[in-house]
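Input: a single structure, listed below in structure tokens.
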Amino acid sequence: MTFEIAVSLFTVVAVLVLLATNRLPADALMMSALALLLLTGVVSPSEALSGFANPGLMTVAALYVVAAALRDTGAIYWMASRLLGQPSTSGRALGRVVMPASLLSAFLNNTTVVAMMIPAVQEWAQRLRLSVSQLLLPLSYAAILGGTCTLIGTSTNLIVDGLAQKSGLPAFGIFDISVVGVPLLLVGGAYLVLLGPRLLPAREGLVEQLERAREYRVEMKVPVKSPLAGRTIRDAGLRNLGHGYLTEVRRGDQLFTAVAPDMVLAEEDRLVFIGAPDCARELQRINGLVAPSGGHKLKLRHSQRCLVEVVLGKEFPSLGKTVRDAAFRTHYQAAILSVNRHGERLSGKVGDIVLRMGDTLLLETSHTFVEQYRYRRDFMLVSPLQDSSPPDFRKAPVAVAILAGMVLVNVVGWLSVLESVFVACGALLATGCVTVNRARMMVSVNLPVLVVIGASFALGEGMTNSGAAQWVVEGVFGQLPVSPLAALILIYLMTAMVTELVTNNAAAVLMFPLAVSVAEMAGASPLPFVVAVMIAASASFLTPLGYQTNMMVMGPGGYRLWDYLRLGIPLNIIAAIVTISLTPLFWPF
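As numbered in this note's numbering, residues 19 to 607 make up the sequence shown, in order.
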């Protein structure tokens, strides 16, 4: 064993162990590993930084801009409600997640699908009060399984196909590997749906702490020509709010306090909700509701508006006056949505409430309000609610059309994934679906994820260049079995192990020549061995390092290494059994 091999193996093992302890941020840990490989000479500076110029990384970064546009236009909430629905259990919810993710991944880059669905699943789980930690890792695994169904489902398949053609083997058709991939998806998907909720933890987050939060009384209105008019409370999605509940409906002179789920909404209805501060943010994201005295009267664009909590100080000039007489909107360019006093919500019309020192006001205003009044004596405290700009639903059809176009040009082969995503970003910026500042902010907020993905390529380079991966493989193949089936099993297992240590593409490139050589020594056709490498290199379910999508869900889902092992080990066994059983049937030895 050389010095470079020892350093590479030590680095990979140390990263896995430290990720399991969850004591260091993943981005800091991965950059430390990159620095160690660079300083010890295992990788050159260009190799260490090559991951940050990788098309896959740039695609992920650009997809955050696409996701921001879908959120800002409300399209992502519309798609989530249509595709995901409102299941009552975690098992049914997983079924709604696994199906669209796997189908999309069969024709789109897996990273693209997961990046697009993470924010939708987070919002959806929040509304249904489901634990997002039970949904996001199965989302990643479903995308990986879907990618094995077609040749274009993942870059690994295309790389192996190119290597096969270069070696003189026949090219694979787009649906040739479907005979193995589709059964694997069906069996693996059923496993995720049936056992996923039992194997993954339901960790408590802020949503589950609603009972301990400040409560506000928020009034919303169903305007004329609202898409909610004529729909029931249940169909409008108002029975499963994550941060509040509907308490009464006012219709003209009528007051309905016991609101039934099948009550039909009408234009000009006024709906009263009780909930935490985030309840107002959640209601803004429902197309067809407006606040009667909200920020739409401030002549601000949707992207310029946000929710802010303020506490009135003793020098507030309108103490003792009603909200209506205080002319708050005129003086502060902010609309009062609700008032909380001594930790209790105040009932009645907001305009009739008399303001007192210490009152907590929930405002809809501009982003500049926080900096302008943070240190003014009018308020004792100014606290913005994160990500509280209301969606501009008018541009949702445009954003969906651009997304559909991005998918289409990629599927038909007119543009690569990276090119189609860049074109989509330009179109979204040009049509005003997302602003430049918002796009810049989304990339910067997700910078830790991008750093982790970029730095992970250095580990793959170190394992390959130092010969560490080759050393591990040759150590196992020292005593080559004679039986072709036994050789196929060993090739599959070795590829599955290597793909957990390096990237899936690197594992495919490393194992392909070994698979062909093993087939020749066993006197068998190389095609079943090539297919085994193709599937096994993608079947990375044990660690966050083996596949980009596994790393992408680690932070949003709050996962630890043990979570990957607990759900991934049985899935790896399923993938191995299905692949090894079916491959020789369609590609005989």
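In this text, a Cβ means the ideal position worked out from N, Cα and C, and glycines have one as well.
Alpha helix (DSSP H) segment containing residue i, residue limits
i      : result
Pro335 : Element bounds for Pro335: n/a, residue is neither H nor E.
Gly444 : 435 to 448
Asn568 : 566 to 570
Met49  : 44 to 57
Lys243 : Taken as a continuous stretch (DSSP letters only), Lys243 belongs to no alpha helix (DSSP H), as it is neither H nor E.
Ser64  : 63 to 67
Arg252 : No alpha helix (DSSP H) holds Arg252; DSSP gives it neither H nor E.
Thr172 : Premise fails: Thr172 is in no alpha helix (DSSP H) and is neither H nor E.
Ile162 : 154 to 165
Gly207 : 196 to 217
Arg342 : 341 to 344
Cβ-Cβ distance between residue i and residue j below 8 Å
i      : j      : result
Val236 : Leu355 : yes
Leu112 : Pro156 : yes
Ala562 : Pro43  : Residue 562 is actually Pro in this sequence, not Ala. It is not a contact, given that the beta carbons lie outside the stated cut-off.
Trp605 : Leu560 : no
Pro63  : Leu436 : no
Asn523 : Ser173 : yes
Ile192 : Ile170 : yes
Thr207 : Ala138 : The residue asked about is misnamed: residue 207 is Gly in this sequence, not Thr. No; because the gap between Cβ atoms is not below 8 Å, this pair is not in contact.
Ala514 : Ala542 : no
Val282 : Gly255 : no
Gly485 : Val60  : no
Leu163 : Leu212 : no
Tyr263 : Leu380 : no
Val240 : Thr265 : no
Gly277 : Ile251 : A small correction: the amino acid at residue 277 is Val; Gly does not occupy that position in the sequence shown. Their beta carbons are under 8 Å apart, which means Val277 touches Ile251 by this criterion.
Glu382 : Arg458 : no
Ala79  : Leu468 : yes
Gly199 : Cys167 : yes
Ala540 : Ala51  : no
Met570 : Ala133 : yes
Residue i, buried or exposed, once every other Cβ within 10 Å from all chains shown has been counted against 16
i      : result
Trp580 : exposed
Asp296 : buried
Phe334 : buried
Trp142 : buried
Ala352 : buried
Asp287 : buried
Met19  : exposed
Pro118 : buried
Ile136 : buried
Leu57  : exposed
Pro279 : exposed
Pro502 : buried
Arg299 : buried
Tyr393 : exposed
Ile471 : buried
Gln183 : exposed
Glu389 : exposed
Asp271 : exposed
Asp90  : buried
Glu229 : Note that Glu229 has pLDDT 41, beneath the 50 cutoff, so the model's placement of it is unreliable and no number is given.
Gln227 : The predicted position of Gln227 is uncertain, since its pLDDT is 41 and thus under 50; a value taken from the coordinates is nonetheless stated next. Looking at its Cβ environment, which holds fewer than 16 other Cβ atoms inside 10 Å, Gln227 is exposed.
Asn455 : exposed
Gly273 : Checking the displayed sequence, the identity of residue 273 turns out to be Leu instead of Gly. By the neighbour-count rule (16 or more Cβ atoms within 10 Å), Leu273 is not buried but exposed.
Phe21  : exposed
Ala189 : exposed
Ala476 : buried
Asp377 : buried
Boundaries (first-last residue) of the beta strand (DSSP E) holding residue i
i      : result
Tyr263 : 262 to 269
Asn358 : 352 to 359
Gln272 : 272 to 274
Ile292 : 288 to 293
Cβ of residue i within 8 Å of any chain C Cβ
i      : result
Gly165 : The chain labelled as chain C is not found in the depicted structure, where only one protein chain is given.
For the 8 Å Cβ check, are there 3 or more pairs between the segment 506 to 520 and the segment 74 to 84?
Counting Cβ pairs under 8 Å, fewer than three are found: no touch.
Where in the segment 518 to 599 do unbroken runs of the alpha helix (DSSP H), each at least 4 residues long, occur, reported from the N-terminal end onward?
Runs of the alpha helix (DSSP H) lying entirely within the segment 518 to 599 and spanning at least 4 residues, in chain order: 522 to 539, 545 to 556, 566 to 570, 572 to 575.
Does the segment 584 to 604 come close enough to the segment 239 to 253 that 3 or more CB-CB pairs lie under 8 Å?
Segments in contact, no.
Where in the segment 373 to 428 do unbroken runs of the alpha helix (DSSP H), each at least 4 residues long, occur, reported from the N-terminal end onward?
Correct list: 386 to 391.
Answer yes if the segment 329 to 349 comes into contact with the segment 373 to 386, meaning at least three C-beta pairs across the two stretches below 8 Å, and no otherwise.
In short, these stretches touch, since the Cβ pair count reaches three.
Segment contact flag, the segment 214 to 221 with the segment 570 to 587, C-beta cutoff 8 Å, min 3 pairs
They touch, by the three-pair rule.
Okay, do the segment 414 to 432 and the segment 356 to 368 touch, 3+ Cβ pairs below 8 Å being the bar?
With a cut-off of 8 Å, the segment 356 to 368 and the segment 414 to 432 do not count as touching, because too few Cβ pairs lie within range.
For the 8 Å Cβ check, are there 3 or more pairs between the segment 529 to 548 and the segment 149 to 164?
Contact between the segment 529 to 548 and the segment 149 to 164 is not established, with fewer than three Cβ pairs separated by less than 8 Å.
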